[in-house]
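Add 4 to the 1-based position in the sequence shown for the working numbering, that's all there is to it. Ideal Cβ placement from N, Cα and C applies to all residues, glycine included. Notes follow once the structure below has been shown.
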Amino acid sequence: MDKSSFKENTRYTVALRAADGKLRPANIYVYKLFETSMIARMTDSGGLLHKIAYENVTKIVKEKAVDHENQFSIPAAVLDEKVWKDRTVMERYSSSPHMGK
5 MDKSSFKENT
15 RYTVALRAAD
25 GKLRPANIYV
35 YKLFETSMIA
45 RMTDSGGLLH
55 KIAYENVTKI
65 VKEKAVDHEN
75 QFSIPAAVLD
85 EKVWKDRTVM
95 ERYSSSPHMG
105 K
């Protein structure tokens with residue numbers, strides 16, 4: 005996969021290659037796209053933000069764009085590429101004003 009396969013503020017169900025080399029299903033919400041990786045929330049396991057390399061995604065099973073009113077909000081500074089240079093995981097709460105959170 006590459007950057008053109010993904011869109012920001014979109015939910016995906018993907019086949020993801022884990023650190024141990026095994027393929028695992030994952031549900032993600034993509035916040036930001038970089039040249040070689042993306043910042044996404046794992047929506048089915050703890051909700052941490054992860055830096056995911058495009059090459060680790062082997063297949064997109066399902067794609068669903070999120071309406072503007074239901075998009076999760078995170079400050080732009082947290083999604084800056086410089087912040088993620090030496091980091092792969094971050095705990096950060098986000099909410100959607102439409103959801104009342």
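Closer than 6 Å: residue i CB and nearest the ligand ATP heavy atom
{"i": "Ser-9", "result": "The model depicted lacks the ligand ATP and carries no ligand whatsoever."}
Through-space distance from residue j to residue i, alpha-carbon basis
{"i": "Leu-83", "j": "Glu-12", "result": "12 Å"}
{"i": "Met-46", "j": "Lys-68", "result": "15 Å"}
{"i": "Asp-6", "j": "His-54", "result": "17 Å"}
{"i": "Gly-104", "j": "Val-93", "result": "Reliability fails at Gly-104, whose pLDDT of 47 lies under 50, so the model's placement of it is uncertain and the value that follows must be treated cautiously. Distance between the alpha carbons of Gly-104 and Val-93 is about 26 Å."}
{"i": "Ala-80", "j": "Val-87", "result": "11 Å"}
{"i": "Ser-8", "j": "Leu-27", "result": "22 Å"}
Test item: CB-CB of residue i and residue j under 7 Å
{"i": "Ala-57", "j": "Ser-41", "result": "yes"}
{"i": "Glu-95", "j": "Leu-52", "result": "yes"}
{"i": "Val-34", "j": "Ala-22", "result": "no"}
{"i": "Phe-2", "j": "Leu-37", "result": "As shown, the chain starts at 5 and ends at 105. That puts residue 2 outside it, with no answer to give."}
{"i": "Val-65", "j": "Thr-17", "result": "yes"}
{"i": "Asp-48", "j": "Asn-60", "result": "no"}
Those residues which DSSP pairs with residue i across a bridge
{"i": "His-54", "result": "Ala-44 and Val-93"}
{"i": "Asn-31", "result": "Thr-17"}
{"i": "Lys-36", "result": "Ile-43"}
Endpoints, beta strand (DSSP E) assigned at residue i
{"i": "Ala-69", "result": "61 to 69"}
is_contact[residue i, chain B] using C-beta, thresh 7 Å
{"i": "Asn-60", "result": "The structure shown contains no chain B, having only a single protein chain."}
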